[in-house]
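Listed in order, the protein sequences are those of chains A and B. Taken in order, the first sequence gives residues 0 to 281; the numbers are from numbering that gives the first Met the number 0. Taken in order, the second sequence gives residues 0 to 211; the numbers are from numbering that gives the first Met the number 0. For each residue, glycine too, the CB sits at the ideal point set by N, CA and C.
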Amino acid sequence: MHAFTVSSGASYRPRIIAFAAAFVFAASFSASASHVAPLSTGPAAEFEGITRLFVSFGELDVMAEAKGRIESINGGLSFRYRELTAGSYLRVIDWLTLGAFYRLQFGATHNNDWIWPSTLEWYWQDTASRPEHVLIGDITFRLPLDFIPGSWRFELKAQYQHTFYYDSYSWYQRWFTLSVLRVRPGVSWFILREGSPFIDLTLQFDGYIPLNFDPKPFYAWYIYLGMLWHATEHIAFGPTVAFINKTWATSLEYTRASPGSTYEVYHRAVSIGLTVIFSLEP
Amino acid sequence: MRYMILTLLLTVSLSAAETAVINYQSAYGAIERAGGRTERSSVNAPLSEGDTVRTLASTMVIEFSGGSRLKLTENSAVTLSAIRNERRIALLAGSVFAKVAKLSGGAAFEITTPNVVAAVRGTEFFFGFGREKDLWLCVNEGAVHVASSAAKREQTVKQGEGVFILGGTDITAPKPYGWTKKLNWNMDAEKGDVREKGAIKSAYDMQRKNYD
Chain A
0 MHAFTVSSGA
10 SYRPRIIAFA
20 AAFVFAASFS
30 ASASHVAPLS
40 TGPAAEFEGI
50 TRLFVSFGEL
60 DVMAEAKGRI
70 ESINGGLSFR
80 YRELTAGSYL
90 RVIDWLTLGA
100 FYRLQFGATH
110 NNDWIWPSTL
120 EWYWQDTASR
130 PEHVLIGDIT
140 FRLPLDFIPG
150 SWRFELKAQY
160 QHTFYYDSYS
170 WYQRWFTLSV
180 LRVRPGVSWF
190 ILREGSPFID
200 LTLQFDGYIP
210 LNFDPKPFYA
220 WYIYLGMLWH
230 ATEHIAFGPT
240 VAFINKTWAT
250 SLEYTRASPG
260 STYEVYHRAV
270 SIGLTVIFSL
280 EP
Chain B
0 MRYMILTLLL
10 TVSLSAAETA
20 VINYQSAYGA
30 IERAGGRTER
40 SSVNAPLSEG
50 DTVRTLASTM
60 VIEFSGGSRL
70 KLTENSAVTL
80 SAIRNERRIA
90 LLAGSVFAKV
100 AKLSGGAAFE
110 ITTPNVVAAV
120 RGTEFFFGFG
130 REKDLWLCVN
140 EGAVHVASSA
150 AKREQTVKQG
160 EGVFILGGTD
170 ITAPKPYGWT
180 KKLNWNMDAE
190 KGDVREKGAI
200 KSAYDMQRKN
210 YD
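Following this line, the structure appears as structure tokens:
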């Protein structure tokens with residue numbers, strides 16, 4: 000009753016506006032709070048370019064790699080991911096190599112990049128300028144499949160990837176570390192000309208097993224088909240097609256906004272790429 | 000009597016000029032004599048025309064009079080079809096390195112397979128089987144003339160080049176092959192390891208090569 004004793008029409012109108020604004024804000028907050036998980040997406044088209052240089056010193060192969068990727072994110076294509084990798088492989092015996100690499104990458108997206116900054120929208124944080132450091136240990140088994148007609152090779156690559164980066168996002172400025180076990184079995188078929196590989200086709204399953212985050216067992220896996228044309232002894236290039244399946248799990252921001260709630264959503268894409276490999280043997 | 004001794008000396012001298020001996024072996028192999036008898040190989044064992052040498056797990060070097068040498072890699076076999084003025088070695092299995100001293104006029108040094116003849120004069124080269132019937136030949140010094148009777152093709156392979164002979168018949172154009180840099184050309188045990196470490200496997204390098 001007391002509330003309705005407002006006497007002045009002039010002072011009554013701002014109160015209605017303020018009330019309406021508060022209602023809209025609260026409604027928005029409520030709607031956002033209950034629909035903040037990212038949506039499953041895909042299949043989208045993505046693009047990737049890779050160039051590698053191998054310099055072979057007997058059983059030691061030094062490698063440098065540059066990669067860029069145009070990804071589907073926040074409802075559109077975005078060129079965020081770029082990386083440079085350097086390191087070497089040591090051939091221990093014919094069918095076994097060990098490798099160690101360092102990678103500097105920008106633009107990688109992780110679970111915690113699903114954020115809700117001081118706007119009304121949730122989105123994937125733009126990480127294009129965020130440097131990440133990746134230490135990689137590699138063990139690769141290769142076996143010729145001589146019992147199959149033609150020239151076939153089986154390969155099993157296992158990598159431990161330790162990623163660390165500093166995220167300067169406003170409320171949790173801190174370092175993150177991600178440990179991943181990558182397992183990639185595959186087969187390659189080589190078409191030989193004059194005794195040397197001329198064209199090879201490769202089919203691989205590439206699985207990423209998170210060791211200190213979710214979801215398990217794989218947070219991402221790829222089915223990969225690639226072709227390499229060995230134009231000369233030193234240059235090979237060719238297209239790749241990969242079916243990508245990633246699973247995003249609950250971000251820190253989401254946990255803060257909706258305590259006790261979790262999500263797992265999927266991102267599926269078809270990635271079309273071009274790979275160029277240079278091989279030198281001084 | 001003096002005439003008889005001279006004749007005998009000449010005979011011995013001629014015989015020595017026409018023989019070959021095993022100069023080095025890392026382990027024993029086998030010699031199948033032309034007469035059919037098989038015996039264990041040994042260093043300084045003389046070899047005669049028609050003998051077949053099998054290295055088994057050994058690496059062997061055969062030295063011919065005049066200084067030419069033939070290194071046989073593991074699991075190789077050759078028959079010394081002719082070892083006089085014209086030397087003809089039939090490669091039955093595996094691979095060989097040949098270091099051929101300069102030959103006098105009319106002399107020849109040939110390595111043969113059923114369809115291919117590699118003829119040389121004053122040169123150093125490798126010739127061997129790869130997978131199944133594939134053959135590889137590469138030249139370290141001088142030049143080698145290769146002819147395939149089955150494909151009716153001929154090539155002259157120069158220093159630093161090699162050819163691939165698909166199925167042992169069809170000869171490709173000569174070109175440098177990176178894997179041949181790994182071949183062990185040494186035939187002198189006093190200068191280092193004579194054994195070949197299987198570089199020919201890396202001719203089929205797919206199972207070894209890194210692509211990512």
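Less than 8 angstroms between CB atoms is the rule here; does A:A20 satisfy it with respect to chain B? Per-residue confidence for A:A20 stands at a pLDDT of 44, beneath the threshold of 50, marking its modelled position as unreliable; the derived number appears in the next sentence. It does not; no Cβ of chain B falls within 8 angstroms.
List the residues of chain B whose Cβ lies closer than 9 angstroms to the Cβ of A:L227, in chain order. Under the 9 angstroms cutoff, chain B gives Y210.
Would A:R51 pass as a contact of A:E64 if the rule is Cβ separation under 8 angstroms? Going by C-beta atoms, A:R51 is nearer than 8 angstroms to A:E64.
Between which two residues does the beta strand (DSSP E) harbouring A:Y253 extend? Per DSSP, A:Y253 belongs to no beta strand (DSSP E); it is in the alpha helix (DSSP H), 251-256.
Hey, quick one: how far does the beta strand (DSSP E) through B:E109 stretch, first residue to last? Unbroken beta strand (DSSP E) run through B:E109: 107-111.
Thinking just about the alpha-carbon of each residue, which of B:L102, B:S103, B:I164 is nearest to the one in B:T111? For the options B:L102, B:S103, B:I164, the alpha carbon positioned closest to that of B:T111 is the one of B:I164.
Counting along the chain, where does the beta strand (DSSP E) carrying B:M59 start and finish? The continuous beta strand (DSSP E) containing B:M59 extends over residues 59-63.
Whose CA, out of A:Y80, A:I190, A:S278, lies closest to the CA of B:Y210? Per the Cα distances, A:S278.
Would you identify the three-state DSSP class for B:G66, choosing helix, strand or coil? Under the three-state reduction of DSSP, B:G66 is assigned to coil, being neither helix nor strand.
Distance cutoff 8 angstroms, beta carbons only. Does A:R51 sit that close to anything in chain B? Yes, its Cβ sits closer than 8 angstroms to a Cβ of chain B.
Just verifying my parser: in three-state terms, what is the DSSP assignment at B:I199? Helix at B:I199.
Alpha carbon of A:Y207 to alpha carbon of A:Y159, nearest angstrom: So the alpha carbons of these two residues sit roughly 10 angstroms apart.
Give the interface partners of A:Y88 over in chain B, defined as CB-CB distance under 9 angstroms, in chain order. For A:Y88, the residues of chain B that pass the 9 angstroms Cβ criterion are N209, in the order they occur in the chain.
For B:A44 and B:G93, what's the separation of their Cα atoms in angstroms? Cα-Cα distance, rounded: 21 angstroms.
The stretch 127-144 of chain B touching the stretch 104-119 of chain B, judged by at least three CB pairs closer than 8 angstroms: Segments in contact, yes.
Any C-beta of chain B under 8 angstroms from that of A:I276: Chain B, which has a Cβ nearer than 8 angstroms to the Cβ of A:I276, makes this yes.
Could you say if the stretch 140-149 of chain A and the stretch 166-180 of chain A meet the contact criterion of at least three C-beta pairs nearer than 8 angstroms? No, because fewer than three Cβ pairs between the stretch 140-149 of chain A and the stretch 166-180 of chain A fall closer than 8 angstroms, the two stretches do not touch.
8 angstroms Cβ shell around A:L273 - same chain, five flanking residues per side excluded: Sequence-distant Cβ neighbours of A:L273 in its own chain, meaning closer than 8 angstroms and more than five residues away, are E47, G48, I49, F236, G237, P238, T239.
Under 8 angstroms by Cβ, that's how I've got A:A85 and A:G136 pegged, so tell me the actual separation to the nearest angstrom. Contact between A:A85 and A:G136 is absent: CB atoms are separated by about 14 angstroms, not below the 8 angstroms threshold.
Does the Cβ-Cβ distance between A:N110 and A:F212 come in under 8 angstroms? Yes, they are a contact pair.
Give, in chain order, every residue of the stretch 44-70 of chain B whose Cβ lies closer than 9 angstroms to some Cβ of chain A. For the stretch 44-70 of chain B, which is checked against every Cβ of chain A, not one residue is closer than 9 angstroms.
Just how far apart, CA to CA, sit B:G28 and A:D60? Put simply, the backbone Cα of B:G28 is about 37 angstroms away from that of A:D60.
Name, please, each residue of chain A whose Cβ falls closer than 7 angstroms to the Cβ of B:G93. Within 7 angstroms Cβ-Cβ: nothing; B:G93 doesn't reach chain A, min ~17 angstroms.
Taking Cβ-Cβ distances shorter than 8 angstroms, what residues in chain A pair up with B:G177? Neighbours of B:G177 on chain A, chain order: E232, E280.
Using only CA atoms, which one of B:F108, B:V162, B:N74, B:I61 lies nearest to B:R83? Comparing C-alpha distances from B:R83 to each of B:F108, B:V162, B:N74, B:I61 shows the shortest one belongs to B:F108.
Sequence-distant residues of the same chain with beta carbon closer than 8 angstroms to A:A32, five excluded per side: For A:A32, the predicted model reports a pLDDT of 47, less than 50, meaning its position is unreliable and no value from the coordinates is stated.
Any C-beta of chain B within less than 7 angstroms: which residues of the stretch 129-157 of chain A qualify? The stretch 129-157 of chain A vs chain B, Cβ under 7 angstroms: R141, L142, P143, S150, R152.
Going by C-alpha to C-alpha distance, which of B:F125, B:K70, B:S64, B:G66 sits closest to B:A188? Minimum Cα distance to B:A188 is reached at B:K70.
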